Amino acid sequence: MFQYASDGPIGRLMIDRPDRRNAIPFDGWAVLRAAIAEVAAARPRALIVQSLAEGVFCAGADLGYLAGLADDVAGRAAFRLAMREAFDALAGLPMPVIAAVDGGCFGAGVALMLACDVVLAGESARFAIPPAKLGITYPQQDVARLVARTGRAQAARLLLGLDAVDGAEAARIGLVERVVPVALVEAERMAGAMAATSPASLTALKRMIARADGPADAASDALFDDSFGSADFREGIAAYHARRAPVFGS
Numbered sequence: 065m066f067q068y069a070s071d072g073p074i075g076r077l078m079i080d081r082p083d084r085r086n087a088i089p090f091d092g093w094a095v096l097r098a099a100i101a102e103v104a105a106a107r108p109r110a111l112i113v114q115s116l117a118e119g120v121f122c123a124g125a126d127l128g129y130l131a132g133l134a135d136d137v138a139g140r141a142a143f144r145l146a147m148r149e150a151f152d153a154l155a156g157l158p159m160p161v162i163a164a165v166d167g168g169c170f171g172a173g174v175a176l177m178l179a180c181d182v183v184l185a186g187e188s189a190r191f192a193i194p195p196a197k198l199g200i201t202y203p204q205q206d207v208a209r210l211v212a213r214t215g216r217a218q219a220a221r222l223l224l225g226l227d228a229v230d231g232a233e234a235a236r237i238g239l240v241e242r243v244v245p246v247a248l249v250e251a252e253r254m255a256g257a258m259a260a261t262s263p264a265s266l267t268a269l270k271r272m273i274a275r276a277d278g279p280a281d282a283a284s285d286a287l288f289d290d291s292f293g294s295a296d297f298r299e300g301i302a303a304y305h306a307r308r309a310p311v312f313g314s
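Going by my numbering, the first residue of the sequence shown is number 65, and it counts up by one from there.
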């Protein structure tokens, strides 16, 4: 269902369940969590989340097991917590995470991409969040990530109006950063550019972006101040003066 592979300094988290349009079964959340743990241990410079199934990124949670939650009270909380742990682990990775969305992305698939730092949509991408059609809601943390990207009005349009949007409209409302002919191609280019920069800087910048809604504090001030004493800064300055590409540590 989910597998991790390394491509030099770039990691790939791949979704591969083509017979179910990459719909995620209950045990798929644990598989995702384990794959993310592999990423954390391998520490690639950048990570691409991509689909191996043609024509779809992720169809969301598998309706086959969701139907059983009508009579399984304990299972509802287990589902919510398993999903939450996986998404929070993905969002908490220290390296930049790029979602390459080619094809359909629905329901929990949208929540998966919302846990990434950058979302690129291919021209084939389509997005919808249809829990109201099933008589259920959407996890609060994922609603918060959606609102952070699109604002309240567009989040309401997607959740309450049930609008399906293509890549161009998704980019216009801020659901994705860019629409390109093929998302994976642009994700590979972007990940390569990220991999050539300082990994320590990228990790610190991710932390600062995550805390952007709050005031500056001693910890965020230290991230800025301490970066000037780093080996990466010395290498960056030396490379600039020598007119060469910098070579940063891992």
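We put the beta carbon where it would ideally sit given N, CA and C, even for glycine. Fair warning: this is a prediction, and the values are worked out from it, not measured in the lab.
Return the CA-CA distance between Ala138 and Leu287, expressed in angstroms with no decimal places.
42 Å
Residue interval of the beta strand (DSSP E) (run including Leu184)
That run of the beta strand (DSSP E) goes 182-186.
Thinking just about the alpha-carbon of each residue, which of Ala185, Gly132, Asp71 is nearest to the one in Arg236?
Ala185
Span separating the alpha-carbon of Ala189 from that of Leu145:
28 Å
Restricting to runs no shorter than 3 residues, where is the beta strand (DSSP E) found entirely within the region 99-157?
110-115, 120-122
Taking the beta strand (DSSP E) that Arg190 falls in, what are its first and last residues?
190-192
Just verifying my parser: in three-state terms, what is the DSSP assignment at Asp39?
Given that the chain is displayed from residue 65 to residue 314, the structure contains no residue 39 and the question cannot be resolved.
Please classify Glu250 as buried or exposed, where buried requires at least 16 other C-beta atoms within 10 Å of its C-beta.
buried
Using three-state DSSP, classify Ala172 as helix, strand or coil.
Collapsing the DSSP output to three states places Ala172 in a helix.
Sub-8 Å separation of Met177 and Val165 beta-carbons:
yes
Taking the continuous beta strand (DSSP E) assigned at Ile74, which residues delimit it?
Secondary structure note for Ile74: its beta strand (DSSP E) is the uninterrupted segment 74-79.
Quick check on this structure: which residue in Pro108, Val243, Val207 has the alpha carbon closest to the alpha carbon of Tyr68?
Pro108
Use the C-beta contact count for Ala282: other C-beta atoms within 10 angstroms, 16 or more gives buried, fewer gives exposed.
exposed
State buried or exposed for Gln316, treating a residue as buried only when at least 16 other CB atoms are found within 10 Å of its CB.
Residue 316 is absent from the model: the chain starts at 65 and stops at 314.
Thinking just about the alpha-carbon of each residue, which of Leu96, Glu102, Asp83 is nearest to the one in Ser70?
Nearest to Ser70 by C-alpha distance, out of Leu96, Glu102, Asp83, is Glu102.
Mind checking Ala257: buried by the 16 CB within 10 Å criterion, or exposed?
exposed
Determine the contact status of Ile162 and Leu116, defining contact as a CB-CB distance below 8 Å.
No.
Can you list, in chain order, the residues of its chain whose CB lies under 7 Å from that of Ala255, leaving out five sequence neighbours each side?
Ile74, Ala110, Ile112, Ile162
Can you grab the Cα-Cα spacing for the pair Val174 / Pro194, in whole Å?
11 Å
Secondary structure at Asp206, three-state DSSP: helix, strand or coil?
Three-state DSSP puts Asp206 in a helix.
Taking the continuous beta strand (DSSP E) assigned at Val244, which residues delimit it?
242-244
Closer than 8 Å is the cut-off here; do at least three beta carbon pairs connect the region 265-273 with the region 224-244?
Of all C-beta pairs linking the region 265-273 to the region 224-244, fewer than three are shorter than 8 Å, placing the two stretches out of contact.
Kindly list the residues whose CB is nearer than 6 Å to the CB of Ala94, restricted to its own chain and excluding five residues on each side of it in sequence; keep chain order.
none
Measure from the alpha carbon of Pro89 to the alpha carbon of each residue in Asp83, Asp126, Ala105, Glu118, then state which is nearest.
That would be Asp126, whose Cα lies nearest to the Cα of Pro89.
Sequence-distant residues of its chain with Cβ nearer than 6 Å to Asp227 (five each side left out):
Excluding sequence neighbours, Asp227 sits near Arg221.
Extent of the continuous beta strand (DSSP E) run through Ala69:
66-71
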